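Chains as they are written, first to last, in my numbering: chain A, 12 to 327; chain B, 12 to 327.
Backbone N, C-alpha and C define an ideal beta-carbon position, used for all residues, glycine too.
Nothing here was measured: the structure is a model prediction, and the numbers come from that model.
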């Protein structure tokens, strides 16, 4: 916890919200100082192809290719293959665009050839001009499973195919994957770890659950950006999950409680700081709180928030 | 060799030329009377996907979806995925369109799930409204290899990637595949076998080479449509292959010689019959020859030729 600018920053991220903070961090920091560790618990096979939704969202966002309005996939996208798949009676619940498909086709081919997801992500990012390092949390499958009253589903089937229809009772990982060596090394080298405004249950926890990750992060200054703003999640099923799994109301305080023992600082939306209870860090200090503008709808908002997070971390 | 209309017709086919005759036969016959046995020696993996060029060409042609002018792939095609693959530095020597890609993606998925190529082809054909039965010659890989002075390549790499730059010394099959049961049964049930105007070396021979196929066909009336017209092939590298492999000039007579022992009748282009030497069938009769219009650039020309072939076969 030095008073100088962190030299090496690691950000843990899921999809859209986390990706937008990553975009800001990538503009605020030189590429060699930023490593993004991205959840792969949502990864699954569709049309026989390996899909890595969060990695793709972070990659496309950093490449300025993401469709911001739609919230997933690539901008200026067409769906010609999907139309033909529909005609053939193939599965259409998960929509893949024609440009997006290139990512999944090549990734699947390269995986089949024995390359790691980490190496493949680096190769794709290089082609798209992404400077910061994007690391999938693991090179092994570790599917996040969603247990509801009606049964247990993989995350994308629950979220997209079932439209999150049933309340989540439990989230667990179906596998015993380990973090990649690159992930563990990046955390060890970090001066600051940021938890993006992602869903703790299905985006950040899967990363923290990998052997060796949590204890390495616990030795570092950690700043989380709250994914809960004024009692709601900007996007996705988090608010309801806090109620059904966490048995708590959706507040930034609940996020801080969830990450208890890890956080040094918490960034919340302006106004949300007033209602926060007094929170403690694991070493008995009061948790530092920064109120900021955390809703990122533009590149500029992402950059401003990223700069505030870095500034906040300098003064911890 | 009855004087009645054949009840069950089997046509052996490669890509474009054969596919066009198949299209005519499919309009001339009720679907339950026609089985098309298609070469799979050109099949290969590209972008990790299973591509079956001749099966696709026959299927697309029968569905009236083929791009007639281009000579491969689907009409009204776009190449959005290919553009993105190019950006990623993926292989682009074999061009896959966005609609076409749906075929390869689903086929690859279904193969991975354990379905046979035969079942998958039936499923795809059903979705496209193709009535006649299209049978891949085998459910097992049997890649046709092209030996040239500079080395040995798979067929598509030689034809498309190398643009058939080097003369072919030898064509051989890299595998010990067997014909599918459906193929053997269809031949057994046939009253007439037609060899489409396809390349004997790389389209028809791979089918004939499968154990059990040649001897079953030898018991049937067989009519071949010459792929050589006025000393040249309508499309593809056949004329040169007849010279370098067959050590013969590209004439319909050379085609008849190639199929020696199998043919009952030969259909040649008007004018080509005059220069034909006297040819014998395996049972000592003179080979019957029909001069017709064999160039099929329209659906109507395909239908007329198919009707002539069937009429000719009735009178053998």
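**Request:** Please go through the same chain and pick out, in chain order, the residues whose beta-carbon is closer than 8 Å to the beta-carbon of residue 217 of chain A, but skip the five residues on each side of it.
**Result:** 50, 51, 52, 148, 153, 155 and 184
**Request:** Take the Cβ of residue 160 of chain B as the centre, count every other Cβ of all protein chains shown within 10 Å, and call the residue buried at 16 or more, exposed below.
**Result:** exposed
**Request:** With a 10 Å radius around its C-beta and 16 neighbouring C-beta atoms as the bar for buried, classify residue 34 of chain A as buried or exposed.
**Result:** buried
**Request:** At 3 residues or longer, and completely inside the segment 28 to 57 of chain A: list those beta strand (DSSP E) runs for me, N to C.
**Result:** 45 to 49 and 55 to 57
**Item:** Reduced DSSP secondary structure (H/G/I, E/B, other) of residue 299 of chain B
**Value:** strand
**Request:** Output the boundary residues of the alpha helix (DSSP H) element that contains residue 256 of chain A.
**Result:** Run containing residue 256 of chain A: none; DSSP gives neither H nor E here.
**Request:** Please decide whether residue 96 of chain A counts as near chain B, where near means a Cβ-Cβ distance under 8 Å.
**Result:** yes
**8 Å Cβ shell around residue 16 of chain A - same chain, five flanking residues per side excluded** = 321 and 325
**Item:** Every unbroken beta strand (DSSP E) within the segment 194 to 265 of chain B, with a cutoff of 3 residues, ordered by chain
**Value:** 203 to 206 and 233 to 236
**Message:** Suppose contacts are defined by Cβ-Cβ distances below 8 Å. Is residue 92 of chain B in contact with residue 109 of chain B by that definition?
**Reply:** yes
**Asked** So is residue 112 of chain B in contact with chain A if we call contact Cβ pairs under 8 Å?
**Response** yes
**Prompt:** Below 8 Å between beta carbons: does that hold for residue 263 of chain A and residue 29 of chain A?
**Reply:** no
**Prompt:** the segment 39 to 58 of chain A: which residues have C-beta closer than 7 Å to a C-beta of chain B, in chain order?
**Reply:** 58
**residue 147 of chain B - containing beta strand (DSSP E), residue span** = 144 to 147
**Prompt:** Measuring CB to CB, does residue 59 of chain B end up less than 8 Å from residue 126 of chain A?
**Reply:** no
**Request:** Closer than 8 Å by C-beta to residue 327 of chain B: which residues in its own chain qualify, once you throw out the five before and the five after it? Chain order, please.
**Result:** 12, 232, 234, 275, 276 and 299
**Message:** Between residue 287 of chain A and chain B, is any beta-carbon pair separated by less than 8 Å?
**Reply:** no
**Asked** Hey, does residue 89 of chain B have any beta-carbon neighbour from chain A nearer than 8 Å?
**Response** yes
**Asked** Between residue 204 of chain B and residue 119 of chain B, what straight-line distance do the alpha-carbon atoms span, to the nearest angstrom?
**Response** 31 Å
**Item:** Cβ-based neighbour list, residue 84 of chain A, same chain, cut-off 6 Å, excluding 5 preceding and 5 following
**Value:** 78, 108 and 111
**Closest residue to residue 163 of chain A among A:74, A:150 and A:177 (Cα-Cα distance)** = A:177
**Item:** DSSP state of residue 311 of chain A mapped onto helix, strand, coil
**Value:** helix
**Request:** Can you tell me which of the three DSSP states residue 94 of chain A falls into?
**Result:** helix
**Message:** Contact between the segment 59 to 69 of chain A and the segment 221 to 230 of chain A is defined here as three or more beta-carbon pairs at a separation below 8 Å; is this criterion met?
**Reply:** no
**Message:** I'd like to check one pair, residue 258 of chain A with residue 82 of chain A: are the Cβ atoms closer than 8 Å?
**Reply:** no
**Request:** Report the option in B:54, B:73 and B:19 whose CA atom is closest to the CA atom of residue 1 of chain B.
**Result:** Residue 1 of chain B is absent from the structure shown; chain B starts at 12 and stops at 327.
**Request:** Determine, using beta carbons only, whether residue 135 of chain B comes closer than 8 Å to chain A.
**Result:** yes
**Message:** Quick check on the burial criterion: 16 or more other C-beta atoms within 10 angstroms. Buried or exposed for residue 282 of chain B?
**Reply:** exposed
**Message:** Report the start-end ranges of each alpha helix (DSSP H) in the segment 96 to 137 of chain B that is 4 residues or longer and not cut off at the edges.
**Reply:** 109 to 123
**Request:** Quick one: grab the DSSP three-state call for residue 23 of chain A.
**Result:** strand
**Item:** Secondary structure of residue 304 of chain B, DSSP reduced to three states
**Value:** coil
**Request:** Return no unless some Cβ of chain A is closer than 8 Å to the Cβ of residue 84 of chain B.
**Result:** no
**Asked** If the cut is a Cβ gap below 9 Å, which residues of chain A does residue 216 of chain B touch?
**Response** Those do not exist, as residue 216 of chain B stays about 31 Å from chain A at its closest Cβ, beyond 9 Å.
**First through last residue of the alpha helix (DSSP H) which encompasses residue 70 of chain B** = 64 to 73
**Asked** Any Cβ of chain A within less than 8 Å of the Cβ of residue 150 of chain B?
**Response** no
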